[in-house]
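Below: the structure, in structure tokens.
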Amino acid sequence: GHFEDNGLPVLLPADEDIERAENLLSNAGLTDNEFAVLAPGSVWKSKRWPVASFRELRRQLEDNFALPVVTIGGGMDRDICSQVVSRPERDFSGRLSPLGSAAVLKNARLLVSGDTAPAHIGTAMGTRQIIIFGSTTPRFGFAPPVAEAGFVQTRLWCRPCSDHGRNFCPNFGRYTCLTNITPEHVIEAARDWL
257 GHFEDNGLPV
267 LLPADEDIER
277 AENLLSNAGL
287 TDNEFAVLAP
297 GSVWKSKRWP
307 VASFRELRRQ
317 LEDNFALPVV
327 TIGGGMDRDI
337 CSQVVSRPER
347 DFSGRLSPLG
357 SAAVLKNARL
367 LVSGDTAPAH
377 IGTAMGTRQI
387 IIFGSTTPRF
397 GFAPPVAEAG
407 FVQTRLWCRP
417 CSDHGRNFCP
427 NFGRYTCLTN
437 ITPEHVIEAA
447 RDWL
């Protein structure tokens, strides 16, 4: 990869990454730009939007917008991702390298992710995306400064509580910064791209 003149990163997937991504998409019955990608995992619990919320978002995208959904993530995200997808062949978690995920994102109409690695990969690939900020905030400088990115977050007295994320919630373990965000909030933020 490299950086553009505007300072944004660009990733260049290798031929084998592109081929692997194309095979997974083909096996899932998906074509260019006619699918959304959800990335529900994170190493930090305070950056993980609830699985039930991702599952409901997936249902709304597929049922109300006729937009099939795939999931991406590392091997440690398999359990979460498998609970989100409607069909097992649409769960790509643990089956792609980061550059393979980049190849999938290059062809996606939309990415929805927490403030995690897939959001940064999506930026490098020019993918339209909605980033869900829980314990962190775009003000810390990790949010992409591009028109293709929208942010969903809640205003709470306790956030931000971390600059990178954490595995506990200082607000009595409630994770209100994430549970107060609904699938409808995400749909509204992405409406122009659906």
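Taking this note's numbering, the leading residue of the sequence shown gets 257, the next gets one more, and so forth. Idealized CB from N, CA, C, for every residue including glycine.
Using beta-carbon positions only, say whether residue i and residue j come within less than 9 Å of one another.
{"i": "Arg276", "j": "Gly378", "result": "no"}
{"i": "Ala445", "j": "Ile386", "result": "yes"}
{"i": "Ser349", "j": "Gly370", "result": "no"}
{"i": "Gln409", "j": "Cys433", "result": "yes"}
{"i": "Asp273", "j": "Ser353", "result": "yes"}
{"i": "Ile368", "j": "Ile388", "result": "In the sequence as displayed, the identity of residue 368 is Val instead of Ile. Yes, the Cβ-Cβ distance between Val368 and Ile388 is below 9 Å."}
{"i": "Ala295", "j": "Thr392", "result": "no"}
{"i": "Ala293", "j": "Pro374", "result": "Residue identity differs from the one stated: residue 293 is Val in this sequence, not Ala. Yes, Cβ-Cβ distance for Val293 and Pro374 is below 9 Å."}
{"i": "Arg384", "j": "Val340", "result": "no"}
{"i": "Pro265", "j": "Ala380", "result": "yes"}
{"i": "Leu220", "j": "Leu366", "result": "Outside the shown range of the chain (257 to 450) lies residue 220, about which nothing can therefore be said."}
What distance in whole Å lies between the Cβ atoms of residue j and residue i, which are believed to be in contact at a cut-off of 8 Å?
{"i": "Asn436", "j": "Lys301", "result": "In fact, because the Cβ distance is near 16 Å, the residues do not count as touching under 8 Å."}
{"i": "Ser282", "j": "Thr438", "result": "At roughly 33 Å, the Cβ-Cβ gap does not stay under 8 Å, so Ser282 and Thr438 are not in contact."}
{"i": "Tyr431", "j": "Gly390", "result": "7 Å"}
Using only alpha-carbon positions, find the residue among the options that is nearest to residue i.
{"i": "Gly297", "options": "Asp347, His441, Gln316 and Ala322", "result": "Asp347"}
{"i": "Trp449", "options": "Ala364, Ser418, His376 and Ala380", "result": "Ala364"}
{"i": "Asp288", "options": "Val325, Leu264 and Asp271", "result": "Val325"}
{"i": "Leu280", "options": "Thr327, Phe389, Val442 and Val299", "result": "Thr327"}
{"i": "Arg351", "options": "Ile443, Cys337 and Val299", "result": "Cys337"}
{"i": "Gly406", "options": "Val442, Val299, Leu268 and Ser342", "result": "Val442"}
{"i": "Phe396", "options": "Leu412, Pro416 and Phe291", "result": "Pro416"}
{"i": "Gly329", "options": "Phe428, Arg447 and His376", "result": "His376"}
{"i": "Asp333", "options": "Pro401, Val307 and Ala399", "result": "Val307"}
{"i": "Ala204", "options": "Arg447, Pro400 and Glu278", "result": "Only positions 257 to 450 of the chain appear in this structure, which leaves residue 204 out of reach."}
{"i": "Lys394", "options": "Leu412, Asp419 and Leu286", "result": "One detail in the question is off: residue 394 reads as Pro in this sequence, not Lys. The shortest C-alpha separation from Pro394 is found at Asp419."}
{"i": "Ser342", "options": "Cys414, Ala284, Arg411 and Leu412", "result": "Ala284"}
Drop a sphere of 10 angstroms on the beta-carbon of residue i, count the other beta-carbons inside from all chains shown, and report buried for 16 or more, exposed for fewer.
{"i": "Pro304", "result": "Per the sequence shown, residue 304 should be read as Arg rather than Pro. With 16 or more Cβ atoms within 10 Å of its Cβ, Arg304 is classed as buried."}
{"i": "Gly421", "result": "buried"}
{"i": "Asp319", "result": "exposed"}
{"i": "Arg314", "result": "buried"}
{"i": "Phe428", "result": "exposed"}
{"i": "Pro452", "result": "Beyond the ends of the chain as shown, which are 257 and 450, falls residue 452; an answer cannot be given."}
On the DSSP bridge list, what partners appear for residue i?
{"i": "Ile387", "result": "Ser369 and Phe407"}
{"i": "Ala292", "result": "Val325 and Leu366"}
{"i": "Asp459", "result": "The structure shown does not extend to residue 459, since the chain spans only 257 to 450, so no value can be given for it."}
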